[in-house]
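Asker:
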Amino acid sequence: MVPTWRLRAAFARRLSDMYGAEVPAYTTLLEAAGQVNDDVLRGSGPAAERLGSIERVTAERHGAIRVGTPRELRQVAQVFAALGMEPVGFYDLRDAAASAVPVVSTAFRPVGAPELARNPFRVFTSLLTSGDRRFFDEELSGRLDAFLARRVLFPPELLALAEHAEREGGLPPERAERFLTLAVAAFELSPEPVDRAWYAELERVSAVAADIGGVGSTHINHLTPRVLDIDELYRRMSDLGVTMIDRIQGPPRWDGPAVLLRQTSFRALAEARSFREPDGRVTRGSLRVRFGEVEARGIALTRAGRALYDDLIAEPAEVWTARFPRTERELAVGRQAYFTYEPVPDRPRDGMRPPHDLAGLLDGGWLAARPIVYEDFLPRSAAGIFQSNLDHSGTRSAGLPDAHYDQEWLAGAMGRPVHDPFDLCAAQQERSLARALTALDLPEETV
Ligand code: OOG
Ligand code: NI
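Using this note's numbering, the first residue of the sequence shown is number 1, and each one after it goes up by one.
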């Protein structure tokens, strides 16, 4: 039996190989990221691994995919369930971007600490909001839905294997092989000619809409490696002559704790595609939709920490430096970031009793705090990444948004609950704290 996590690790690796063959610049990015990580590891020693072992960081990727209908979303959720990846979080990018980005999104990823440690592969998954009248009038929306209803992204054999894998917690070797082959193939760029007129019509509304609904299949949009120093990576890619977007999204560079997520990307590349012209001829051309992205991950913030982040991110970097907590200790004591807590085994037995507050326990060396890494995404950054790769902003009319698309609706469409990222971290933190307090012989309500 090939267990769930091995399927996930194998899928991530094969997808990466496939994408590297399709987009050579991705391989350049991987090499540069690997070199930066080696350098940071040499320069900073064990501190470099505070937010994850180098093995994990080196293997770590997130992918991005885009689907067109609730049915396709439900199917892709089934494929990811076979890999131990569950929907976490709801992102509404329609208002987060200045350009027309008519999608709502979730991220599929492992949710438990042991599974994350085995392989943290995650996929940012966006669903086209074809019912949003600000982007698609009734007539276009009808033709779009009809087009999408005809296509098959995930063959029945793949879905049956995925169901089986989810139920059994894995697959026997031969079926695992077949499942992985079909799953990776579902995300390859299709050689099928693109209907020129249809694609162009959707592109006038939104390049993202055309990428999703203008073609008969889906494809991986990007795969993102994790890097330990994203500013250095940005410099090196620029030195290699790769055109980067003009900034790094997320918190500013500073010497305090790394929090949440910093991301940047290189501009979408022109890729050869064939087209079916209105007169029926098949011609060669190119499309610019796929890009390369890289990210640095930091500590997960609590709701309070996140509210502070959201306030400060709108301000100049100096305001951040002046107001954001400067140490992990401050973040822990202020309940602004998530940690796992462990009793310190080798504390001197000086006859003292442990104090009854978190600050005292940390400062007195009774408890050690280890940051919980942020495993999710940021809507503003995601919108920035989408947008910086669009050549034109598309069109959006003023009307009312379709109110259908929220987290509950998404969960209903998939037939699966959508986890709340804060709740997942809080549960992990509270479990560790309860265990640590018991070990110190303190009542649970101490802190
Ligand atoms: C997804 C863009 C967002 C991220 O890392 O925030 C994203 C897409 O382009 O489909 O990947
Ligand atoms: Ni991404």
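Note that CB positions come from ideal geometry on N, CA and C, so glycine has one too. As the structure is a prediction and not an experimental result, all values here were calculated from the model.
I'd like to confirm the pairing. Which residues does DSSP put opposite Thr264 in its beta bridges?
Answerer: Paired residues: Val294.
Asker: Assign Asp132 to one of two classes, buried (16 or more other C-beta atoms within 10 Å of its C-beta) or exposed (fewer than that).
Answerer: The residue in question, Asp132, is buried, as its Cβ has 16 or more Cβ neighbours within 10 Å.
Asker: In chain order, what residues of the same chain have a beta carbon less than 6 Å from the beta carbon of Arg118, not counting five sequence neighbours either side?
Answerer: Excluding residues within five positions, the ones whose Cβ falls inside 6 Å are Trp5.
Asker: Just verifying my parser: in three-state terms, what is the DSSP assignment at Ile313?
Answerer: Note: Ile313 maps to coil in three-state DSSP.
Asker: Buried or exposed for Arg290, please, with buried defined as at least 16 other CB atoms from any protein chain shown within 10 angstroms of its CB.
Answerer: The residue is buried, with at least 16 neighbouring Cβ atoms inside 10 Å.
Asker: List, from N- to C-terminal side, the beta strand (DSSP E) runs of 3 residues or more that fit wholly inside the segment 103 to 179.
Answerer: Runs of the beta strand (DSSP E) inside the segment 103 to 179: 103 to 109, 122 to 128.
Asker: Taking CB distances under 8 Å as the criterion, tell me whether Met1 reaches chain D.
Answerer: Of the chains in the structure shown, none is chain D; there is only one protein chain.
Asker: With burial defined as no fewer than 16 other Cβ atoms inside 10 Å of the residue's Cβ, what is the status of Val282: buried or exposed?
Answerer: The residue in question, Val282, is exposed, as its Cβ has fewer than 16 Cβ neighbours within 10 Å.
Asker: With a threshold of 7 Å on Cβ separation, who are the neighbours of Gly396 within its own chain once the five nearest residues in sequence on each side are excluded?
Answerer: The sequence given here places Arg at residue 396; Gly does not occur at that position. So the qualifying residues of the chain are Ala100, Arg134, Phe135.
Asker: In whole angstroms, what separates the C-alpha of Leu260 from that of Arg284?
Answerer: When rounded, the distance between both Cα atoms is 42 Å.
Asker: Sorry if obvious, but does the Cβ on His222 come closer than 7 Å to a heavy atom of ligand 2?
Answerer: Answer for His222: yes, Cβ within range of ligand 2.
Asker: Given a cut-off of 8 Å on the beta-carbon distance, is the pair Ala96 and Pro379 in contact?
Answerer: Yes, the Cβ-Cβ distance between Ala96 and Pro379 is below 8 Å.
Asker: Specify whether the segment 401 to 416 and the segment 83 to 94 touch according to this definition: at least 3 beta carbon pairs, one from each stretch, less than 8 Å apart.
Answerer: Contact between the segment 401 to 416 and the segment 83 to 94 is present, because at least three Cβ pairs lie under 8 Å.
Asker: So the candidates are Phe121, Gly84, Arg66, Arg74; which of them puts its Cα closest to the Cα of Arg14?
Answerer: Nearest option by C-alpha distance: Phe121.
Asker: Compare the C-alpha of Arg196 against each of Glu203, Thr264, Ile245, Phe275 and name the closest.
Answerer: Among Glu203, Thr264, Ile245, Phe275, the Cα nearest to that of Arg196 is on Phe275.
Asker: What residues are listed by DSSP as bridge partners for Ala337?
Answerer: Answer is Leu301, bridged to Ala337.
Asker: Spell out a yes or no on whether the segment 353 to 373 and the segment 429 to 446 are touching, meaning 3 or more CB-CB pairs, one atom from each, closer than 8 Å.
Answerer: The segment 353 to 373 is in contact with the segment 429 to 446.
Asker: Which value, in whole angstroms, describes the spacing of the CA atoms of Arg178 and Phe11?
Answerer: Whole-angstrom Cα-Cα distance: 12 Å.
Asker: Compare the beta carbon distance of Glu328 and Ala369 with 8 Å and say whether it is the shorter of the two.
Answerer: In contact: Glu328 and Ala369 (Cβ atoms closer than 8 Å).
Asker: Alpha carbon to alpha carbon, what distance is there between Val79 and Glu72?
Answerer: Cα to Cα, the separation comes out at about 11 Å.
Asker: Short check: CB of Val36 to CB of Leu240, under 8 Å?
Answerer: Not closer than 8 Å, so no.
Asker: How is Pro70 classed by DSSP in three states: helix, strand or coil?
Answerer: The answer is helix: DSSP assigns Pro70 an H, G or I state.
Asker: Please list, in chain order, all residues of the same chain as Ala207 whose beta carbon is under 6 Å from its beta carbon, the five residues on each side excluded.
Answerer: Cβ neighbours of Ala207 beyond the five flanking positions: Leu390.
Asker: Do Glu86 and Val111 have their C-beta atoms closer together than 8 Å?
Answerer: Result yes, Cβ atoms of Glu86 and Val111 sit closer than 8 Å.
Asker: Tell me, please, which residues DSSP counts as bridged to Met244.
Answerer: Paired residues: Phe266.
Asker: Could you give the residue range of the beta strand (DSSP E) that holds Thr446?
Answerer: Unbroken run through Thr446: none, as it is neither H nor E.
Asker: Are Glu188 and His219 touching if we call contact CB-CB under 8 Å?
Answerer: Closer than 8 Å, so yes.
Asker: By alpha-carbon positions, which one of Leu171, Val67, Ser381 ends up nearest to Arg151?
Answerer: It is Val67.
Asker: I'd like to confirm something about His62: is its beta-carbon nearer than 7 Å to some heavy atom of ligand 2, or not?
Answerer: His62: yes, Cβ under 7 Å from ligand 2.
Asker: Just to confirm, is the Cβ distance from Tyr26 to Gly20 under 8 Å?
Answerer: Contact flag set, yes.
Asker: May I ask you to check if the CB of Phe266 is nearer than 7 Å to at least one heavy atom of ligand 2?
Answerer: Incorrect: Phe266 has no Cβ contact closer than 7 Å to ligand 2.
Asker: Can you tell me whether Glu203 is helix, strand or coil according to DSSP?
Answerer: Residue state, collapsed to three classes: helix.
Asker: Nearest to Arg262 by CA position, among Ile313, Ser190, Leu287, is which residue?
Answerer: Closest by alpha carbon: Ile313.
Asker: Going by the C-beta, is Ile480 closer than 7 Å to any heavy atom of ligand 2?
Answerer: Within the shown structure, residues of the chain are numbered from 1 to 447, placing residue 480 beyond reach of any answer.
Asker: Check whether the segment 338 to 348 touches the segment 418 to 433, counting contact only when three or more Cβ pairs, one atom from each stretch, lie closer than 8 Å.
Answerer: Judged by Cβ distances under 8 Å, the segment 338 to 348 makes contact with the segment 418 to 433, as three or more pairs qualify.
Asker: Output yes or no for whether 8 Å exceeds the beta carbon distance between Pro345 and Ala436.
Answerer: Contact flag unset, no.
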